[in-house]
Amino acid sequence: MSIYPSQSSKYSHQRQMWDAIGMWAWILHRVTGLGLVFYILLHIILMGTSILSGKDRFNATLTLLMTHLIFEILDILLLGAVLYHGLNGIRILMFDMGIGVTVNTQRNIFRALMVAGALMWIWAIALKLSG
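The sequence shown begins at 63 in my numbering and counts up by one.
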């Protein structure tokens, strides 16, 4: 019997790793966190330079941001990132406080928070599209 794992068990382990909800939660938490940092920096730079350029330039910038379709879509994606990052952060805080430390409980908390986040996101999209 070999002490080395067979090729099939090696790939099976890798497949299980990428099927794990916790792995995807971790990756998405990092990606949304980096995205939010990028957004905040871009927002501060854009608003700061436009307000320093004068009232007319600032109003023109706001008009563009509020009426262009691409910025409407980016707004919706921003809300999704904020919801995901915030709700997953709550799950992580619960884990750090010792609430629901088992894998199954964490998985269920994650699923419940993601369903709640998806419902809030859909509701916000409906509000945005209706008015």
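Built from N, CA and C at the ideal position, the CB exists for glycine as well.
Under 7 Å Cβ to Cβ from residue i, same chain only, skipping five residues before and after it: list those, please.
i: PHE133; result: LEU127
i: ILE83; result: ARG169, PHE172
i: HIS91; result: HIS147, ASN150
i: GLY179; result: LEU145, TYR146, LEU149
Since residue i and residue j should fall inside the 8 Å C-beta cutoff, what is the C-beta to C-beta distance between them, to a whole number of angstroms?
i: LEU108; j: THR123; result: 7 Å
i: HIS120; j: SER112; result: His is not the amino acid found at residue 120; the sequence shown has Phe there. Indeed they touch by this definition, with Cβ atoms about 5 Å apart.
i: ILE152; j: LEU181; result: So it is not a contact: roughly 15 Å between Cβ atoms.
i: PHE157; j: VAL163; result: 6 Å
How is residue i classed by DSSP in three states: helix, strand or coil?
i: ILE161; result: coil
i: GLY97; result: helix
i: ALA87; result: helix
i: ASN170; result: helix
i: GLY193; result: coil
i: ILE187; result: helix
i: ALA143; result: helix
i: GLY105; result: The question names Gly, but residue 105 in the sequence shown is His. The answer is helix: DSSP assigns HIS105 an H, G or I state.
i: SER115; result: coil
i: ALA82; result: coil
i: LEU175; result: helix
i: GLU134; result: helix
Under 7 Å between the Cβ atoms of residue i and residue j?
i: TRP88; j: LEU145; result: no
i: ALA143; j: LEU104; result: no
i: GLY95; j: HIS130; result: no
i: ILE138; j: ILE102; result: no
Whose C-beta lies closer than 6 Å to the C-beta of residue i among residues of the same chain, with five residues either side of it excluded?
i: LEU155; result: none
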